[in-house]
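Residue numbers (this note's numbering), protein chains in the order written: chain Z, 1301 to 1550; chain D, 217 to 594. Scroll down for the structure; my scribbles are underneath it.
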Amino acid sequence: MYSVELDGVTKRYPGGGAEPVVALDAVDFAAAPGEFVAVVGPSGSGKSTLLNVLGLLDDPTDGRRLLSDTDVTNLSVAERTTARKESIGFVFQDFHLLPTLTAVENVTLPTAFDPGDASDRAADLLARFGLGDRLDHEPTELSGGQKQRVAIARSLINEPAVLLADEPTGNLDTDTGESILAEFDRVKREGVAVVAVTHDPLVEEFADRTVELTDGVLVDGVPADEGATPADHAPADPPEVDSSVPEGEP
Amino acid sequence: MTPGAWQPSVAMAARNLRRNRVRTVLAVLGVTIGVFAVATLGVFGNVLALGADDAIGDIGTQVVLSPNADAGVESLSDADVAAVRRAVGEPAVVPLYSDGAIVSAPTDQQFATVYGVERPGLAFEAAEGDLPERHRDGAIVGAELAENLGVGVGDRVEVAGGQTRVIAVLAQSQTFSPVAPDEAVFLPESAFAADGYDQVLVVSESGAEASAAAESIRRSVNAREERVDVFELAAVVDEINEFFDLLGTFLLGLGGISLVVAGVSILNVMLMSTVERREEIGVMRAVGVTRRDVLRVLIAEAGLIGALGAVLGTVLTVVVVAGLVVSTSAVDSTIALDPTNGYYLLLALGFGVGVGLVSGAYPAWKAANERPVEALRS
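This is the structure we're talking about:
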C-alpha cells in the first residue's frame, strides 16, 4: 500500500495560444508510508503542480489519484477539503502561519471550526518540536526555524498519511534547514509519507529517494522494488522510534 | 445551525478586526454615521408629525352645521337637531344660538360673539370654574375675551345691556373652526328669543368619527333637501397627516443614503481585507477549513462592524435626542419619549447590522470560493 499514488496523471492548463500547457505528462508517482521522497527539477518543470495534485488542491486532467489506496481522483470541493484536513499535511516555504493566532492556535487551525479542543494535542506536538516554551507566542515573535516547526506541527495535528512540503528549507539558513529536515526524518519514522519538492541539495541528502521532474515528465516516480520500501519496517514500531527522539532538540 | 457553530468564527473575526484597528474603526464610524442619520432623521420626522398632530389634533374632530341660506333655511329647528342626533349616533350634538353684542366689564368693553348653549360641557372645557351640566344662569367667557376684559369667575359683566355673573372661563381652544370660543361669551339658551338654532356642533372623539358623522349627516339630514351646510376639517387633517408621512419617508430616505454609503465603505473594507489576506485564506482552505467556515469568519467580520456601528449610532441618537429635549423647550419630552420613536431606533439598528451583512456577503463569498491553489500561488 502507498500513502499517496499517482497513476498516469496528466495536468494540462489552457495556455495563451491554441496549445494547452502540459504541466504533468503521464506521471506515475508513489510514496510509501514512512518514506521521504524528494522531488527535484528546474523551475517550471511542474513541481508545484505535482504537489498541488498530490495535495488535492488541484485536480488532474487525466489519470488516477489514490490516497491510502482510496481513489480520490474526482471529489467534490467539500470532499477534497475534508480529505485534505484528515489525510494531508502541508508545509510551505513561507511557513504561512496566520499572524493573528498564537503558535498553539496556528497548530489547531485545521480543527479550529470543529467541535472539541485540540489545544492539548497541539501543545504536545509543539513540545515535541522543542517549542514547549513558545506556545502562546505569535508568529512575529518566532524565528524562521521556529515558524517552520509550528507549520510542521500544524501539518501533523490530524495525524495525516502524507506530509507535502514545498521548498521547506527555502527561507532558512543551512543549519536551521538541517534541523528542520531532521524533524522530517522523525515524522517519516512515525509512518507518514513525506514528499518535498525542492532545489536544495540538502533535502536530497535526507531523502530516502530523489526523483527528478523535467518538463512535466517524471522518471522512476514509483519505487522499483515495492518489497524494499521503508514502509515494511519503519511504521512497525512508531512509539519506540518516537520515544527515542531526544528532547529539547534545537 | 446552532449559535455555537458561529462561536469560533466570531472569535477569529474579532481578532482579524483588531489587526487593522484604524480601518476597522473607520468602517465602524461609517456605519455609526449612517445609523445615526437614519435614526435621528426618522425620530425627527416622527417628532415633527407627533407635534403637529398634537397641535392640530382637535381640528378634525368637530363638524359644524349651519342652516343652508341658499335653500332658504334661516335657522335649524329642534326637528333638524333631532335628525342630526339620529344621524350621527355616538358623537355629542350641541346646538348653538349666536349673535353679536358689546360685552362690558367694569374696566373694559369689547364686541364679541354671544352664543346660547344648553350643555356647554359637551363641547368645551373650563380653565377656571365649572361648566354646568345645564346652563341656566350666568356667563361662560372665552379665554382671550376674559383676558382682554380682565375678568375672572365671580366678576360681573354686562352682555348687550343685561347684567350677569361669570361662572366659568374656558380653556384656550385647540380647535380651528367657525365657532371661535376664545373670543366669545356663552349665555343660557333662555337669553335668546330666536326660534331656531344658528349652528350645531358635532363633537367627535377622532377625525375618523367626525368624517363618518359628516358623511351620515349629508346622507340622511340632507337627503331630500340641502337643509344644512356641513363644515368639517377631517379631510384636511388627513391631507396634513399624509404630508407628514411623506416628510417622514423623505427624511428616512435621506438617512438611508448615508447608510448606503456606509455599506459601500464596509464593502470596500471587506474587499481590501480579503484581497490582502488572500494567502491566509488560501492556507486555511488548504489545511482543511471548509468554505462555509471561511465564509462565516468573513461574514462575522462584516456583521461585527455593522453591529458595532449600529449600536454606537443608536446610542448617539438617544444621547442627541435627549440633549435636544433637555436643552430646548421646542421639543416636548412626552413626544420625544413616544414609543413610536423606539421603532425608528430599532429600524436603524436593524438596518445597520443588515448593511454590514449584505456588504460583507460578496467579499466573503468571493474569498471563500477562491481556489486555494490560486490564492497560494502569489
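Note that beta-carbon positions come from the ideal geometry of N, C-alpha and C, so glycine has one too. Everything numeric in this text was worked out from a predicted model, so none of it was measured.
Q: Along the alpha helix (DSSP H) that carries V454/D, what are the first and last residues, could you check?
A: Here residue 454/D refers to the residue found at position 238 of the second sequence. Sequence inspection shows Asp at residue 454/D; the Val mentioned does not correspond to that position. Looking at the DSSP string, the run of the alpha helix (DSSP H) that includes D454/D is 450-492.
Q: Please confirm if R494/D has its CB atom under 8 Å from at least one CB of chain Z.
A: To locate residue 494/D, count along the second sequence from 1; it is residue 278. Taking Cβ atoms only, chain Z never reaches closer than 8 Å to R494/D, which makes this a no.
(Q) Quick check on DSSP: helix, strand or coil for Y196/D? (A) Only positions 217 to 594 of chain D appear in the structure, and residue 196/D is not among them; the question remains open.
Q | Candidates V1462/Z, L1472/Z, D1325/Z, T1310/Z, of which the one nearest S1333/Z by Cα | A | Counted from its first residue, the first sequence places residue 1333/Z at position 33. Per the sequence shown, the amino acid found at residue 1333/Z is Pro instead of Ser. Comparing Cα-Cα distances from P1333/Z to each of V1462/Z, L1472/Z, D1325/Z, T1310/Z, the minimum goes to V1462/Z.
Q: With DSSP as the reference, label E1512/Z as helix, strand or coil.
A: Position 212 of the first sequence, counted from the first residue, corresponds to residue 1512/Z. If DSSP states are grouped into helix, strand and coil, E1512/Z belongs with the strands.
(Q) Quick check on this structure: which residue in T248/D, V319/D, T323/D, Y559/D has the alpha carbon closest to the alpha carbon of I356/D? (A) Within the second sequence, numbered from 1, the residue matching residue 356/D stands at position 140. Considering only alpha carbons, the answer is V319/D.
(Q) Could you check whether the Cβ of R302/D sits closer than 7 Å to any heavy atom belonging to the ligand HEM? (A) As presented, the structure is devoid of all ligands, the ligand HEM included, so that no description of it is given.
**Q.** Among V1511/Z, D1515/Z, P1320/Z, G1317/Z, nearest to A1524/Z - alpha-carbon criterion
**A.** Here the question's residue 1524/Z lines up with position 224 in the first sequence. The closest CA to that of A1524/Z, considering only V1511/Z, D1515/Z, P1320/Z, G1317/Z, is found on V1511/Z.
Q: Determine the DSSP secondary structure at D346/D, reduced to helix, strand or coil.
A: The residue given as residue 346/D occupies position 130 in the second sequence. The three-state secondary structure of D346/D, taken from DSSP, is coil.
Q. Of the residues that make up the region 1464-1479 of chain Z, which ones have a beta carbon closer than 8 Å to any beta carbon in chain D?
A. Residues of the region 1464-1479 of chain Z that bring their beta carbon within less than 8 Å of a beta carbon in chain D are absent altogether.
Q | As assigned by DSSP and simplified to three states, the class of Q1393/Z | A | On the first sequence, residue 1393/Z is found 93 positions in, with the first residue counted as 1. The three-state secondary structure of Q1393/Z, taken from DSSP, is coil.
Q: State yes or no: is the beta carbon of T506/D nearer than 8 Å to at least one beta carbon in chain Z?
A: As a first step, residue 506/D must be located in the second sequence, where it is residue number 290. Closer than 8 Å to some Cβ of chain Z, the Cβ of T506/D qualifies, so yes.
Q.
Distance check for V416/D and E399/D, CA to CA, integer angstroms please.
A. Against the second sequence, residue 399/D aligns to sequence position 183. Against the second sequence, residue 416/D aligns to sequence position 200. Answer to the nearest angstrom: the Cα atoms are 18 Å apart.
(Q) For L245/D, which residues in the same chain have their Cβ closer than 8 Å to its Cβ, ignoring the five residues on either side in sequence? (A) For the purposes of this step, residue 245/D is taken as the residue at position 29 of the second sequence. Correct list, in chain order: G525.
Q) Is the shortest distance between the beta-carbon of S225/D and the beta-carbons of chain Z less than 8 Å? A) Here residue 225/D refers to the residue found at position 9 when the second sequence is read from its first residue. Answer yes: the Cβ-Cβ gap between S225/D and chain Z drops below 8 Å somewhere.
Q: Kindly list the residues whose CB is nearer than 6 Å to the CB of A1330/Z, restricted to its own chain and excluding five residues on each side of it in sequence; keep chain order.
A: Position 30 of the first sequence, counted from the first residue, corresponds to residue 1330/Z. Only Y1302, E1305, V1522 meet the Cβ criterion.
Q | For Y560/D and R234/D, the rounded distance between their alpha carbons | A | For the purposes of this step, residue 234/D is identified with residue 18 of the second sequence, where counting begins at 1. For the purposes of this step, residue 560/D is identified with residue 344 of the second sequence, where counting begins at 1. Near 31 Å, if we compare the C-alpha coordinates of Y560/D and R234/D.
Q | Residue environment, R1365/Z, which counts as buried when at least 16 other CB atoms sit within 10 Å | A | Start at 1 with the first residue of the first sequence, and residue 1365/Z comes out as number 65. With 16 or more other Cβ atoms within 10 Å, it is buried.
(Q) Give me the subset of the region 575-588 of chain D whose CB atoms are less than 9 Å from a CB atom of chain Z, sorted by chain position. (A) The region 575-588 of chain D vs chain Z, Cβ under 9 Å: N585, R587, P588.
Q. Between G1389/Z and L1431/Z, is the Cβ-Cβ spacing less than 8 Å?
A. Looking up residue 1389/Z in the first sequence gives position 89. Looking up residue 1431/Z in the first sequence gives position 131. Not closer than 8 Å, so no.
Q: Return no unless some Cβ of chain D is closer than 8 Å to the Cβ of T1529/Z.
A: If you number the first sequence from 1, residue 1529/Z lands on position 229. The predicted model places T1529/Z with a pLDDT of 45, which falls under 50 and marks its position as unreliable; any figure quoted below should be read in that light. No, its Cβ sits nowhere closer than 8 Å to a Cβ of chain D.
Q. Hey, would you say L1472/Z sits closer than 8 Å to G1341/Z, going by beta carbons?
A. Here the question's residue 1472/Z lines up with position 172 in the first sequence. Here the question's residue 1341/Z lines up with position 41 in the first sequence. Between L1472/Z and G1341/Z, the CB-CB gap reaches or exceeds 8 Å.
Q.
Only counting the same chain, and skipping five residues up and downstream in sequence, which positions put a Cβ closer than 7 Å to that of Q1446/Z?
A. The residue given as residue 1446/Z occupies position 146 in the first sequence. Cβ neighbours of Q1446/Z beyond the five flanking positions: L1431, R1434.
Q: Could you tell me the distance, in whole angstroms, from the CA atom of V259/D to the CA atom of L1426/Z?
A: Taking the second sequence and counting its residues from 1, the one referred to as residue 259/D is at position 43. Taking the first sequence and counting its residues from 1, the one referred to as residue 1426/Z is at position 126. Going from the Cα of V259/D to the Cα of L1426/Z covers about 57 Å.
Q: Closer than 7 Å, Cβ to Cβ, to anything on chain D: give me those residues from the region 1400-1420 of chain Z, in chain order.
A: Against chain D - using a Cβ distance shorter than 7 Å - the residues of the region 1400-1420 of chain Z are T1400, L1409, P1410, A1412, F1413.
Q: For A468/D, count neighbouring Cβ atoms within 10 angstroms of its own Cβ and tell me buried if that reaches 16, exposed if not.
A: In the second sequence, residue 468/D corresponds to position 252, counting from 1. The amino acid occupying residue 468/D in the given sequence is Leu; Ala does not appear at that position. Taking all protein chains in view, the Cβ of L468/D is crowded by 16 or more other Cβ atoms within 10 Å, so the residue is classified as buried.
Q. If you run the structure through DSSP and keep just helix, strand and coil, what is P311/D?
A. As a working note, residue 311/D is residue 95 in the second sequence. Looking at P311/D - three-state DSSP - the assignment turns out to be strand.
Q: Tell me, please, which residues DSSP counts as bridged to A400/D.
A: In the second sequence, residue 400/D corresponds to position 184, counting from 1. Bridge pairing for A400/D: T329/D [DSSP].
Q. Is the Cβ-Cβ distance between V1339/Z and N1406/Z less than 8 Å?
A. Here residue 1339/Z corresponds to residue number 39 of the first sequence, with the count starting at 1. Here residue 1406/Z corresponds to residue number 106 of the first sequence, with the count starting at 1. It is not a contact, given that the beta carbons lie outside the stated cut-off.
Q | Strand pairing of Y1313/Z, partner residues [DSSP] | A | Position 13 of the first sequence, counted from the start, is the residue given in the question as residue 1313/Z. Beta-bridge pairing links Y1313/Z to V1321/Z.
(Q) Can you list, in chain order, the residues of its chain with a C-beta nearer than 8 Å to that of Q1393/Z? Leave out the 5 residues immediately preceding and following it. (A) Here residue 1393/Z is taken as the residue at index 93 of the first sequence, counted from 1. Closer than 8 Å at the Cβ level, and outside the excluded window around Q1393/Z, lie D1466, E1467, P1468, G1470, N1471.
Q | 9 Å Cβ cut-off: residues of chain D touching R1454/Z | A | On the first sequence, position 154 is the one that residue 1454/Z refers to. Those within 9 Å of R1454/Z in chain D are V503.
Q: For chain D, find out if any of its Cβ atoms is closer than 8 Å to the Cβ of D1358/Z; answer yes or no.
A: As a working mapping, residue 1358/Z is identified with position 58 in the first sequence. It does; some Cβ of chain D falls within 8 Å.
Q | DSSP three-state assignment for L233/D, whether helix, strand or coil | A | Start at 1 with the first residue of the second sequence, and residue 233/D comes out as number 17. Judged by DSSP in its simplified three-state form, L233/D adopts helix.
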